[in-house]
Amino acid sequence: RGRLKLCGTAVSWHAGWGLVSLQGHKSGDTELCPRPKSFQPHWPHGSDLPLESPSSKMMAEEHTDLEAQIVKDIHCKEIDLVNRDPKNINEDIVKVDFEDVIAEPVGTYSFDGVWKVSYTTFTVSKYWCYRLLSTLLGVPLALLWGFLFACISFCHIWAVVPCIKSYLIEIQCISHIYSLCIRTFCNPLFAALGQICSNIKVMLRKEV
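The working numbering numbers the first residue of the sequence shown as 992 and each following residue consecutively.
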């Protein structure tokens, strides 16, 4: 739809309908009349259809940039160095303190100095031994587990799921055939046996 102004009259043309709407300044009435032959709508660049607006192009570019940013964030997201177990998978399993391992009941106490030194020795040795082992073996084991879970994901995506889908498609055909055989042969047979057995009566008599 286009809109023109001719001699104080608002002219609106509808390209698809072939109509021209004339609206005067004073009366405000609108008339519809056939579009004159000399009246031809003109789109930019000589095109028959309107061109794509710049705003839609900008929205498409922003959407593409957002998708690229999401993919980038998945691989380069910032690591939380404070909370290293956000899903609490090792909260109650490997969180072991001195009190969880060694405890003296009432009446069986060692010297206070021995107890303090034992606590300090346990805590410090566990802390630094874990750090030493993680420094030596953390990166190689991370590489190993990453490779292992990548293989598991690859097998699941490219082998397990297609096999399950193929099995479901094939078993669906077999299930139709099986249900047809049951309805054709077994249902009448068991219905007849039910009718026969329904006339059987059992009486229990107690003799003294």
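Note that the Cβ used here is the ideal one computed from N, Cα and C, for glycine as well.
C-alpha gap between residue i and residue j, whole angstroms
i, j, result
"V1087", "M1049", "55 Å"
"T1114", "E1090", "11 Å"
"Q1186", "S1170", "22 Å"
"E1095", "L1135", "41 Å"
"Y1110", "V1151", "51 Å"
"F1181", "I1165", "22 Å"
"T1055", "H1147", "29 Å"
"C1120", "A1141", "30 Å"
Where the alpha helix (DSSP H) containing residue i begins and where it ends
i, result
"V1108", "1103-1146"
"N1079", "Per DSSP, N1079 belongs to no alpha helix (DSSP H) and is neither H nor E."
"A1182", "1178-1189"
"I1165", "1152-1172"
"D1091", "1089-1092"
6 Å Cβ shell around residue i - same chain, five flanking residues per side excluded
i, result
"I1168", "none"
"M1194", "none"
Cut-off 8 Å between Cβ atoms - residues of its own chain near residue i, not counting five sequence neighbours on either side
i, result
"V1092", "F1113"
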